[in-house]
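Numbering (my numbering), first residue to last: 510 to 1036.
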């Protein structure tokens, strides 16, 4: 093969890692990462080492899918032991920072009684000095506000934690990303590089633009063995789909989960990119079907299935801006997606509700997002209203219809949507499943179960449609696609409550003559 005309093969995947655990927003943003490392990942490793066989058995029990169990064979327990020892040795400052947060919270609970907070600053753990502000809300509830940009300049943010693994998509479900660290294996190319490394951008641009092995070797700082392994991941022919662009009108393609690609001949927009690499499957749109350049990538919220670094890293260098909702600045549960992505080398635009972003031939407006975050004060979440080739499209993600009158205001402000895309995971995981490491006061199981990561049920989805007056309604697949099980870990049957709710909603639409559908795998709309 000619050295200067090589392309990255379609089925190559990347797994971004921090201390060998899969990277997602709450393990990337430094404050939340410290707490997850100290209060979730380290205890998880310790639990595994006490009973490896229990973890492996639980990982393979369908009834426990999505549980916090490490799926690593017992004969590799010594490697897990070495990983734990390395974390305790090399990440001591990060672990101590997490403990300092818990101590600071306790200090406030015991001493912040509505009076002056100034005397408490000298009593804070020294690790927090200069990185937090103490403040009351108007109900005299005290909190620590983290000065997040400064935390990125401190010892708490360590790029040395970051690495990536390159391998081929095998079609076999990978271990659950929230629980199982990735160890080294012979068929995986290990790159000890930070996520922002420019060599990664050069590598993934090779899906579209030919390059040379020598160039990639230099860009990625590879040794001889690594370069030879990379050679097997390259091809002399691109695998790009011929119809990835359009010549006229508008098109929306459903790529799975909450990922839509909205296109005109002049522009392309991608929502919550979580995209399969396996173009041989034939039942889905993949990375090969993406346009060569994407003007905007819209991120709706910071959950691990909506801001997927595994996909985003492969798009860097091919996108104009990643659009993210603005956070509340310093709230423990609400890290800044803009800061996080900027530190990984992405061009980012942060928006508030009803901010407008123009692109060639169209416009996107950020719209409010309700619920789905276990009633935590998380403001970095947004739905979007896209005006593309004469169509108005409401991109609802997992927003809930708990207050339908919101959508009346959206309609008053923006008009009537032609199409609405909604999330109906209406019986999501409880509070502690995703946020346990951030909770410095234990809560009861009953309380946790009452606060779920839930989108709309049938009644709420119908209320959204009634208020929006949208012409068509489509429900996302909610993790049903088998190729994203390593992130979603969901299992549905025809009798599952969520599926029954979708059926009820679709019947509601049918009775009113509203075209509607439950999306799965791939779908296309043209006009």
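The beta carbon of each residue, even a glycine, is placed where N, CA and C say it ideally should be.
Residue i versus residue j - alpha carbon distance
i	j	result
residue 890	residue 786	27 Å
residue 904	residue 931	7 Å
residue 570	residue 668	35 Å
residue 861	residue 924	19 Å
residue 946	residue 546	8 Å
residue 748	residue 713	13 Å
residue 510	residue 720	Confidence at residue 510 is low in this model, with a pLDDT of 49, below 50, so its placement is unreliable and the value that follows should be read with caution. Those two C-alpha atoms are separated by around 12 Å.
residue 542	residue 550	10 Å
residue 686	residue 996	6 Å
residue 594	residue 820	31 Å
residue 684	residue 1035	37 Å
residue 1022	residue 915	24 Å
residue 709	residue 1009	43 Å
residue 622	residue 650	8 Å
residue 730	residue 1012	53 Å
residue 885	residue 944	10 Å
residue 699	residue 801	27 Å
residue 567	residue 573	6 Å
Nearest to residue i (by Cα), restricted to the options the options
i	options	result
residue 939	523, 576, 517 and 564	576
residue 588	918, 687 and 692	692
residue 659	601, 647 and 852	852
residue 961	712, 934 and 1033	934
residue 792	899, 815, 735 and 680	680
residue 917	966, 979 and 895	979
residue 834	865, 649, 601 and 666	865
residue 1028	855, 761 and 908	761
residue 855	758, 799 and 828	828
residue 875	715, 716, 896 and 607	896
Beta-carbon gap between residue i and residue j smaller than 8 Å
i	j	result
residue 552	residue 583	no
residue 518	residue 837	no
residue 830	residue 858	yes
residue 910	residue 972	yes
residue 722	residue 523	no
residue 526	residue 676	no
residue 950	residue 839	no
residue 1038	residue 969	In the structure as shown, the chain begins at 510 and stops at 1036. Residue 1038 is therefore absent and cannot be evaluated.
residue 752	residue 767	no
residue 773	residue 871	yes
residue 795	residue 784	yes
Beta-carbon proximity list for residue i, same chain, < 7 Å, skipping 5 on both sides
i	result
residue 689	579, 580 and 581
residue 586	558 and 561
residue 616	629, 632 and 633
residue 958	939
Same chain only: Cβ atoms within 6 Å of residue i, ignoring 5 sequence neighbours per side
i	result
residue 887	842 and 843
residue 637	609 and 613
residue 818	525 and 532
residue 1041	A query on residue 1041 cannot be resolved here, the shown segment of the chain reaching from 510 to 1036 and no further.
residue 974	982
residue 999	988
Under the three-state DSSP convention, the category residue i falls into
i	result
residue 836	coil
residue 705	coil
residue 510	Confidence is the limiting factor: at residue 510 the pLDDT is only 49, short of 50, which leaves the residue's position unreliable, though a coordinate-based value still follows. Reduced to three states, the DSSP call for residue 510 is coil.
residue 992	helix
residue 874	strand
residue 1034	strand
residue 998	coil
residue 683	coil
residue 522	strand
residue 845	coil
residue 939	strand
residue 802	coil
residue 768	strand
residue 1012	helix
residue 643	strand
residue 863	coil
Spatial neighbours of residue i in its chain, beta-carbon cut-off 8 Å, leaving aside the 5 residues before and after
i	result
residue 654	641, 642, 643, 644, 838, 839 and 840
residue 534	541, 811, 812, 813, 816, 844, 846 and 849
residue 1020	none
Check: residue i C-beta below 7 Å from any heavy atom of the ligand NAD
i	result
residue 696	Of the ligands one can find in the structure shown there are none, so the ligand NAD has no counterpart to examine.
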